[in-house]
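Have a look at the structure below before the remarks.
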Amino acid sequence: MRKLLTLCLIAVAVPSLFAQEDMSAQPSKASQKYAEFRHQDVEPTYGLAKVKAMVKRLKEDKDMNRYLPDKDYAALSFEEKFTFAMIHGEDFSQNCDAMPAIMDEHKKIFSFFPSAFDDEVAWSQRQRDFLKGNRAKVIALIKDTILTKKRVGSNLKSAILELNAVETIPVLVTTYNRDRKDHDILTLMMVLMKENKFPAFLKSSTYRRLYGDEDNYMSFVMATPAIQRETINWATSLYKSKRLR
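Mapped onto the numbering used here, the consecutive letters of the sequence shown carry residue numbers 892 to 1136.
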């Protein structure tokens, strides 16, 4: 279910998006601040100090992975295993060079959001098995973390997509409506609609612009009030349709 594209896969497609922009121009401070914000993860509170201390002690293997020993992993509580997954990916993941700076990034809704851990590491198979094998309980912890932190970090977005957690749409809408600044929440809802083949969205011009024949990781639409409202309405309808089944 993890459909996020790595930067490596789409790097060759990106330069054309910037061809018509003045490459010497610098993004505004607001745009730069938002770029940093998009890549931030949110740390759950469950056993956080304990889990962070364990992660800090991990050593790389020959493939640059950093696995928690089986005995130590088994000794973690359910909530601590969730925290472990949200703050650390055990598998090393090759990343590419940094993407070019984007003008007015804070005014755009992109086709994809940054992956958890910036694609530098990824969840191991046992971490994915934990998330998917305990789907309902994990979703409950995700919701609780969002409500506690009042944010949906890139790690939580990745987990929601991994689980196809349409159930989180109400809390996503509530969180977005607090200040309507994290447009990647809208992106997440769009990807959920795409993956669930929600008809109204698939027929829209927004879908064609973001996920049409020439789509890539950096495709975007402007975050106008109309598109914000439309996306929320579509996502809410998707949630209701799944709930009634």
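Don't be surprised by glycine CBs; every beta carbon is placed ideally from N, CA and C.
Going by beta carbon distance, what residues of the same chain come within less than 6 angstroms of residue i, once the five residues before and after it are set aside?
i, result
"Tyr958", "Glu981"
"Ile978", "Glu934"
"Gly1044", "Gln931, Asp932, Val933"
"Tyr1098", "Phe1092"
"Arg1100", "Val1112"
"Leu1032", "Phe973"
"Val1064", "Ile1123"
"Ile1030", "Ala1056, Glu1058"
Can you find the residues in the same chain that come closer than 7 angstroms, C-beta to C-beta, to residue i, ignoring five residues on each side of it along the sequence?
i, result
"Leu939", "Thr974"
"Ser984", "Asp1010, Glu1011, Val1012, Ala1013"
"Ala976", "Trp1014, Gln1018, Phe1021, Leu1022"
"Ser967", "In the sequence as presented, Ser is not what sits at residue 967; that position holds Leu. If we look at Leu967 and ignore the five residues flanking it on each side, its Cβ neighbours are Phe975."
"Asn956", "Glu981, Asp982, Phe983"
"Tyr1130", "Val1057, Ile1060, Pro1061"
"Ile1118", "Ile1000, Thr1097, Val1112"
"Arg1026", "Leu1054"
From which residue to which residue does the alpha helix (DSSP H) around residue i run?
i, result
"Phe1111", "No alpha helix (DSSP H) holds Phe1111; the beta strand (DSSP E) holding it covers 1111 to 1113."
"Lys1072", "Per DSSP, Lys1072 belongs to no alpha helix (DSSP H) and is neither H nor E."
"Tyr964", "961 to 966"
"Lys947", "939 to 947"
"Met955", "Met955 -> no alpha helix (DSSP H), and no H or E assigned at all."
"Lys1088", "That residue, Lys1088, is in no alpha helix (DSSP H); it is neither H nor E in DSSP."
"Tyr1108", "Here Tyr1108 belongs to no alpha helix (DSSP H), and DSSP marks it neither H nor E."
"Glu970", "969 to 978"
"Ser1095", "That residue, Ser1095, is in no alpha helix (DSSP H); it is neither H nor E in DSSP."
Check residue i in the structure and name its three-state DSSP category.
i, result
"Lys1118", "For the sequence presented, residue 1118 should be read as Ile rather than Lys. If DSSP states are grouped into helix, strand and coil, Ile1118 belongs with the helices."
"Val1057", "helix"
"Val1012", "strand"
"Asp1035", "helix"
"Phe1004", "coil"
"Asp932", "coil"
"Asp1020", "helix"
So residue i is in the beta strand (DSSP E); what residue range does that whole segment cover?
i, result
"Leu999", "Contrary to the premise, residue 999 reads as Lys rather than Leu in this sequence. First-last of the beta strand (DSSP E) with Lys999: 999 to 1001."
So, is residue i buried or exposed, given that buried needs 16 or more other C-beta atoms within 10 angstroms?
i, result
"Ser872", "Because the chain here runs from 892 to 1136, residue 872 falls outside it and cannot be looked at."
"Arg1069", "exposed"
"Arg929", "buried"
"Met1113", "exposed"
"Lys1094", "exposed"
"Glu927", "exposed"
"Ala1056", "buried"
"Thr936", "exposed"
"Leu1038", "exposed"
"Ser1049", "buried"
"Lys894", "Interpretation of Lys894 is limited by its pLDDT of 41, a score under 50 that renders its predicted location unreliable; no figure is taken from the coordinates."
If you compare alpha carbons, which of the options is closest to residue i?
i, options, result
"Ile1051", "Ile1118, Asp952, Leu1022", "Leu1022"
"Asp961", "Met945, Asp954, Lys998, Gln917", "Met945"
"Pro920", "Asp1035, Lys972, Asp995, Thr936", "Just to set this straight, residue 920 is Lys in the shown sequence, not Pro. The candidate whose alpha carbon is nearest that of Lys920 is Asp995."
"Lys1028", "Phe1001, Glu1058, Arg1042", "Glu1058"
"Ser1002", "Gln917, Lys947, Met1084", "Met1084"
"Ile1000", "Asp1073, Phe969, Lys943", "Asp1073"
"Phe1089", "Leu1047, Asn1124, Thr1115", "Asn1124"
"Phe1008", "Asn1046, Glu1086, Val942", "Asn1046"
"Phe969", "Asp1104, Lys1040, Arg1071, Gly1024", "Gly1024"
Whose C-beta lies closer than 8 angstroms to the C-beta of residue i among residues of the same chain, with five residues either side of it excluded?
i, result
"Lys924", "His997"
"Ala916", "Met994"
"Thr1122", "Ile1000, Leu1077, Met1080, Met1081, Thr1097"
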